[in-house]
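Engineer: Please see the structure below; I have some questions.
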Amino acid sequence: MTDTVERTRTRLAEVRDLRISFDDHEVVKGVSFGIDAGECLAIVGESGSGKSVTARTLIGLTGDRAHIEADTVTFDGRSLLGLDDRQWRRIRGRDIGFVLQDALVSLDQLRTVGGEIGEAISTHSATRSGNGFWSRAGLVQRAVREERVVELLDLVGVPESRVRARQRPHELSGGLRQRALIASAIANDPKLVIADEPTTALDATVQAQILDVLREAKERGNAVILISHDLAVVARLADRVAVMRDGEIVESGTTAQVLSRPEHDYTRRLLDSVPSRASKGTLLTSGAQVSGTPDDRSDRPLAIRARDLVKSYTGPDGSERPAVRGVGFDLEAGKTLGIVGESGSGKTTTARMVLGLTTPDSGSIELNGHAWSTLSDAQRRRSRDQISVIYQDPLSSFDPRWNVQRILRDSLRPSGVRGVEADRRVSELLDQVGLSDAYRLRHPLQLSGGQRQRVAIARALAPEPSVIVCDEPVSALDVSIQARVLDLLATLQAETGVALLFISHDLGVIHHVSDDILVMKDGETVEHGPADSVFGNPTHPYTAELLAAVPTIEANLVGA
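Numbering (the UniProt record's numbering), first residue to last: 1 to 560.
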């Protein structure tokens, strides 16, 4: 206890006038901050603001092309400037832990989870000390190391930790992989943990559990630097906030000061972009009502009619595993149905059945009043232009060799649009999604995340569908870019009357965009109704649990 108290009062890291450039382009411009033991500092900002590369300076992972200048970069009283690779390797993992957003990329796919965590322990020759932490002397014997791995997995909330330790990353869910990555990062009780977007794209309950693990590390006296674009997550965990824009800190202070009484216009714009703060039909970027929103009507035609959908898959052991059981819903033209649930709830399988990419074992789907799920692939191909999809990561669904013009022209081919007419439609589609003709010749890798998602929306609109399935379309985007994409979808829906089937783990986004909500758990519908009713008065305990797990700025600043 004494050790923890002393550490919470100690300045652990100090950065003064940090400047980082790549090929003479300065990306960090005179940044200064400090962090104490037992404290969480959040660095927030949009992509390209310099927040991640700033934090990576403290762990020596800015890359060979980075040119770093600073008055001071110290950790635990020692300068980090000019260290060689060998010196950095002694610090990483032992003194500073690092958690990335994508655990599937960060973890070695050829090793078991336990093997990876065990190596993190062995690398720094950690042994158990009497104070409950791990000292840096001596060799860890295999049996002791394996027990420590299980202990760490238990600490971060991994169920059946001994079984999970023998599995490889691809055998775990996203939430379990992220917890395993955190276990590896804290294996040697580092004094500082740098968490770069550790909960992005995780379900609300899993996100809450990951934040609890980081909070507990902070309570043990570890310092945490949290890199995030999710201001609600920041409000839940951080003691202080630094807001970055274009390589500079434009505002900093306590979390309560920055998030409840922001002084800089940029900070205020970030806060105004949070979906949970605005009702459906309100544009996040301006606060105005969506122009052309049709009046509610009881005679809207049904775009999708799904009844009693069932789908099972064969597991590794040969047994049948149900993915969807008895799900049904109606989606009217011009309306949005939001589907929520944890990983493995069946929401993605349901969406794939609606898209015609997976055939239900039983049950039926009608598209615009006509049979859909019972059609053969050849028959369905003739109606394929009636339904489109927007994925979470358009980069993985684009051919990187194709420019924007070719991507959009290809999406027009099933409709028979070619030649000069296709060129005209490409210009029209780009204009619809707020991009100029100058983007025609750009390739996907030359676009920002928000621009790529706009091209993905343009591609989905190209065949003039009656239904668009949106599968986590904004989960990887910064809050202000997310707001612009959501505003774009709302405006296009008002103009075209397209129906949206919207899948997201972000309940704030779902509440903002949806007319009705379907809550799924273990392949079944546990709640279904109007958005305001489901969020305001949930009838199922699981829905209430999901809502309780969602971090909100207001709730976390009460009494601050």
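Ideal placement from N, C-alpha and C gives every residue a C-beta, glycine not left out.
Judging by CA-CA distance, which residue of L518, I339 and D196 is the nearest neighbour of G45?
Structural biologist: Within the sequence shown, numbered from 1, the residue matching residue 45 stands at position 45. Of the candidates L518, I339 and D196, the one whose C-alpha sits nearest the C-alpha of G45 is D196.
Engineer: Flag this pair as touching only if the segment 327-335 and the segment 482-498 have three or more C-beta atom pairs under 8 angstroms; answer yes or no.
Structural biologist: Segments in contact, yes.
Engineer: Leaving out five residues before and five after K51 in sequence, what residues of the same chain have Cβ atoms less than 6 angstroms from its Cβ?
Structural biologist: As a first step, residue 51 is located in the sequence shown; it is residue number 51 there, counting from the start. Counting only Cβ-Cβ distances below 6 angstroms, and skipping sequence neighbours, we find I43, G45, I227 and M244.
Engineer: Let me confirm a value: T374 is counted as buried when at least 16 other C-beta atoms fall within 10 Å, else exposed. Which label applies?
Structural biologist: Translated into the one-based positions of the sequence shown, residue 374 becomes position 374. When all chains shown are included, T374 counts as exposed.
Engineer: Note down, in chain order, each residue of its chain lying with its Cβ closer than 8 angstroms to the Cβ of F535, except the 5 sequence neighbours on either side.
Structural biologist: To locate residue 535, count along the sequence shown from 1; it is residue 535. If we look at F535 and ignore the five residues flanking it on each side, its Cβ neighbours are L507, H511, I517 and L547.
Engineer: Taking contact to mean 3 or more Cβ pairs, one atom from each stretch, closer than 8 angstroms, check whether the segment 21-29 and the segment 160-171 are in contact.
Structural biologist: They do not touch, by the three-pair rule.
Engineer: Under a three-way DSSP split, which group does D203 fall into?
Structural biologist: Position 203 of the sequence shown, counted from the start, is the residue given in the question as residue 203. Three-state DSSP puts D203 in coil, outside helix and strand.
Engineer: If you check the beta carbons only, do T74 and E146 fall under 7 angstroms apart?
Structural biologist: The sequence position of residue 74 within the sequence shown is 74, counting from 1. The sequence position of residue 146 within the sequence shown is 146, counting from 1. Against a cut-off of 7 angstroms, the Cβ pair of E146 and T74 comes out as no contact.
Engineer: Does the separation of the CB atoms of D212 and H505 fall below 7 angstroms?
Structural biologist: What you label residue 212 is simply residue 212 of the sequence shown in a count that begins at 1. What you label residue 505 is simply residue 505 of the sequence shown in a count that begins at 1. No, the Cβ-Cβ distance between D212 and H505 is not below 7 angstroms.
Engineer: How is A456 classed by DSSP in three states: helix, strand or coil?
Structural biologist: Counting from one through the sequence shown, the residue named residue 456 turns up at place 456. Reduced to three states, the DSSP call for A456 is helix.
Engineer: Start and end of the alpha helix (DSSP H) containing V513?
Structural biologist: Start at 1 with the first residue of the sequence shown, and residue 513 comes out as number 513. Unbroken alpha helix (DSSP H) run through V513: L507 to V513.
Engineer: Reducing DSSP to helix, strand and coil, say where K311 ends up.
Structural biologist: Within the sequence shown, residue 311 is the residue found at index 311, counting from 1. Looking at K311 - three-state DSSP - the assignment turns out to be strand.
Engineer: Classify V28: buried if its beta carbon has 16 or more other beta carbons within 10 angstroms, exposed otherwise.
Structural biologist: What you label residue 28 is simply residue 28 of the sequence shown in a count that begins at 1. Buried, because 16 or more other Cβ atoms sit within 10 Å of the Cβ of V28.
Engineer: Run the CB neighbour count on W134, radius 10 Å, all protein chains shown included, and call it buried at 16 or more, exposed below.
Structural biologist: By one-based count along the sequence shown, residue 134 stands at place 134. For W134, the predicted structure reports a pLDDT of 43, less than 50, and the residue's modelled location is therefore unreliable. A value from the coordinates is still provided. Per the 10 Å Cβ criterion, buried.
Engineer: How many angstroms separate the CA atom of D84 from the CA atom of A217?
Structural biologist: Stepping through the sequence shown from its first residue, residue 84 is reached at position 84. Stepping through the sequence shown from its first residue, residue 217 is reached at position 217. Each residue's alpha carbon lies about 29 angstroms from the other.
Engineer: Would you kindly work out how many angstroms separate the C-alpha atoms of G175 and P198, rounded to a whole number?
Structural biologist: On the sequence shown, residue 175 is found 175 positions in, with the first residue counted as 1. On the sequence shown, residue 198 is found 198 positions in, with the first residue counted as 1. Distance between the alpha carbons of G175 and P198 is about 10 angstroms.
Engineer: With a Cβ-Cβ cutoff of 7 angstroms, do F398 and P465 count as a contact?
Structural biologist: Translated into positions along the sequence shown, residue 398 becomes position 398. Translated into positions along the sequence shown, residue 465 becomes position 465. No; because the gap between Cβ atoms is not below 7 angstroms, this pair is not in contact.
Engineer: Smallest Cα separation from D361: which of T314, S345 and T543?
Structural biologist: Here the question's residue 361 lines up with position 361 in the sequence shown. Ranking the options by Cα distance to D361, first place goes to T314.
Engineer: Would I390 pass as a contact of I457 if the rule is Cβ separation under 7 angstroms?
Structural biologist: One-based indexing of the sequence shown puts residue 390 at position 390. One-based indexing of the sequence shown puts residue 457 at position 457. Taking 7 angstroms as the Cβ cut-off, I390 and I457 qualify as a contacting pair.
Engineer: Could you give the first and the last residue of the continuous alpha helix (DSSP H) run that contains R325?
Structural biologist: Along the sequence shown, read from residue 1 onward, the residue named residue 325 stands at position 325. It is not in any alpha helix (DSSP H) - R325 instead sits in the beta strand (DSSP E) that spans E320 to E332.
Engineer: Of all the alpha helix (DSSP H) runs that stay within the bounds of the segment 72-107, which reach a length of 4 or more residues?
Structural biologist: If we require 4 residues or more, the alpha helix (DSSP H) runs fully inside the segment 72-107 come out as 85-91 and 103-106.
Engineer: Under the three-state reduction of DSSP, which class applies to H170: helix, strand or coil?
Structural biologist: Here residue 170 is taken as the residue at index 170 of the sequence shown, counted from 1. In this structure, H170 counts as helix in the three-state DSSP scheme.
Engineer: Just verifying my parser: in three-state terms, what is the DSSP assignment at S364?
Structural biologist: On the sequence shown, position 364 is the one that residue 364 refers to. Reduced to three states, the DSSP call for S364 is strand.
Engineer: Please say whether V519 and T539 have beta carbons closer to each other than 7 angstroms?
Structural biologist: For the purposes of this step, residue 539 is taken as the residue at position 539 of the sequence shown. For the purposes of this step, residue 519 is taken as the residue at position 519 of the sequence shown. No, the pair does not count as a contact, with Cβ atoms beyond the cut-off.
Engineer: Decide if the segment 481-493 is in contact with the segment 267-287; the criterion is three or more beta carbon pairs, one per stretch, under 8 angstroms apart.
Structural biologist: As far as the Cβ criterion goes, the segment 481-493 touches the segment 267-287, which means the pair count is three or higher.
Engineer: Report the rounded CA-to-CA distance for E554 versus T112, giving the unit in angstroms.
Structural biologist: Along the sequence shown, one-based indexing puts residue 554 at 554. Along the sequence shown, one-based indexing puts residue 112 at 112. Computed Cα separation, rounded: 41 angstroms.
Engineer: In angstroms, rounded to a whole number, what distance separates the CA positions of R86 and G30?
Structural biologist: For this step, residue 86 is matched to residue 86 along the sequence shown. For this step, residue 30 is matched to residue 30 along the sequence shown. Between R86 and G30, the C-alpha separation is close to 28 angstroms.
Engineer: To which residues of the same chain is P414 closer than 7 angstroms at the C-beta, ignoring the five residues directly before and after it?
Structural biologist: The sequence position of residue 414 within the sequence shown is 414, counting from 1. Correct list, in chain order: R384, D385 and P463.
Engineer: What does a CB cutoff of less than 6 angstroms around T72 pick up in its chain, not counting 5 residues either side in sequence?
Structural biologist: Here residue 72 refers to the residue found at position 72 of the sequence shown. E14 and R16, listed in sequence order.
Engineer: I believe I503 touches I339 by the beta-carbon criterion, under 8 angstroms. Please report the beta-carbon distance rounded to the nearest angstrom.
Structural biologist: Walking along the sequence shown from the start, residue 503 turns up at place 503. Walking along the sequence shown from the start, residue 339 turns up at place 339. About 5 angstroms; that satisfies the 8 angstroms criterion.
Engineer: For a test of the three-state rule: what should DSSP assign to I182, helix, strand or coil?
Structural biologist: Numbered from its first residue, the sequence shown carries residue 182 at position 182. Helix.
Engineer: Is it true that the CB of S173 sits closer than 7 angstroms to the CB of S343?
Structural biologist: The residue labelled residue 343 in the question sits at position 343 within the sequence shown. The residue labelled residue 173 in the question sits at position 173 within the sequence shown. Yes, these two residues count as a Cβ contact at 7 angstroms.
Engineer: Can you tell me whether P301 is buried or exposed, with buried defined as 16 or more other CB within 10 angstroms of its CB?
Structural biologist: For the purposes of this step, residue 301 is taken as the residue at position 301 of the sequence shown. By the neighbour-count rule (16 or more Cβ atoms within 10 Å), P301 is not buried but exposed.
Engineer: Among residues of its own chain, excluding the 5 on either side of G523, which ones have a beta-carbon nearer than 6 angstroms to its beta-carbon?
Structural biologist: Residue mapping note: residue 523 aligns to position 523 of the sequence shown, counting from 1. Around G523: P322, A323, V324, R325 and G346.
Engineer: Whose CA, out of A371, Q289, S436 and T349, lies closest to the CA of V404?
Structural biologist: By one-based count along the sequence shown, residue 404 stands at place 404. Minimum Cα distance to V404 is reached at S436.
Engineer: Could you please give the first and the last residue of the uninterrupted beta strand (DSSP E) stretch that includes E69?
Structural biologist: Residue 69 sits at position 69 when you count from the first residue of the sequence shown. Run containing E69: A66 to E69, per the beta strand (DSSP E) assignment.
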